[in-house]
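The sequence shown begins at 1 in my numbering and counts up one residue at a time.
Glycine residues also receive a C-beta, built at the ideal position from the N, C-alpha and C atoms.
A quick write-up on the structure given underneath.
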Amino acid sequence: MFCENKTSFKNQTKFASVVVSPDKMKIGFTIESDTLSPDKVVGIFLRSTNKVNILTNYYLGNEFISFSPSGANFVYQSGCFEGICGLFVKNSETFAIKASLNNPEFADYRSQNAIFVRWISDNQVEYKLGTELKQESF
C-alpha cells in the first residue's frame, strides 16, 4: 500500500490546502491523492519541533480549516458520515481537544452538518448547524 512506503506516498499525494498560522510557526494542511480520492487526511507541521503530526486518517470530508487569531488553536472538519461532518478545535501545541462540535458517540447519529463560520476570539468559534448559527466557547 502506498501509505506505508515513503517514496510512493511522496510521489502519489499532493496538498489540497495549506493554512499558515498568524505567527508563521505552524502550518495546517490537507493532503489528497489520486489513489484514495476523494478521501483526504489532515495534519499540522510545527516549525518549533520540525515535526509533522497527522490528525486524521484518509476519509471523505476531512479538511483543515483555520487557525485562531493568535494561532493558539485550530479547527478542522472530520468524522464525516454520509456528508455530515463534525468540527474539532484543538490546541496548536499540545493537540488537546478544546471543543468537539456535532460529534455524537456514533457518527451516523448526526442529522445536520456542522460548518465553521469564523473565530470570534482564540477561545470562541461561530459555526452553522443546519440553518442555525451557533457559538461555542472553550
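Rounded distance between the beta-carbons of residue j and residue i, thought under 8 Å
{"i": "Ser21", "j": "Ser92", "result": "7 Å"}
{"i": "Gly28", "j": "Gly61", "result": "Gly28 to Gly61, Cβ: 16 Å. No contact."}
{"i": "Asp122", "j": "Ser68", "result": "4 Å"}
{"i": "Val41", "j": "Ile31", "result": "5 Å"}
Secondary structure of residue i, DSSP reduced to three states
{"i": "Phe138", "result": "coil"}
{"i": "Tyr76", "result": "strand"}
{"i": "Tyr127", "result": "strand"}
{"i": "Phe15", "result": "strand"}
{"i": "Tyr59", "result": "strand"}
Identity of the residues DSSP links to residue i by a beta bridge
{"i": "Lys10", "result": "According to DSSP, which records beta bridges pairwise, Lys10 is partnered with nothing at all."}
Spatial neighbours of residue i in its chain, beta-carbon cut-off 7 Å, leaving aside the 5 residues before and after
{"i": "Met1", "result": "Here Met1 scores only 49 on pLDDT, less than 50, and its place in the model is too uncertain to base an answer on."}
Residues near residue i in its chain [Cβ-Cβ closer than 8 Å; skip 5 each side]
{"i": "Cys80", "result": "Tyr59, Leu60, Gly61, Asn62, Gly86, Ala107"}
{"i": "Val52", "result": "Gly43, Ile44, Phe45"}
Span of the beta strand (DSSP E), counted from its first residue to its last, around residue i
{"i": "Asn50", "result": "That residue, Asn50, is in no beta strand (DSSP E); it is neither H nor E in DSSP."}
{"i": "Gly86", "result": "84-91"}
{"i": "Lys26", "result": "26-33"}
{"i": "Leu36", "result": "Run containing Leu36: none; DSSP gives neither H nor E here."}
Same chain, Cβ closer than 6 Å to residue i, neighbours up to 5 away in sequence not counted
{"i": "Phe138", "result": "Lys98, Ala99, Asn123"}
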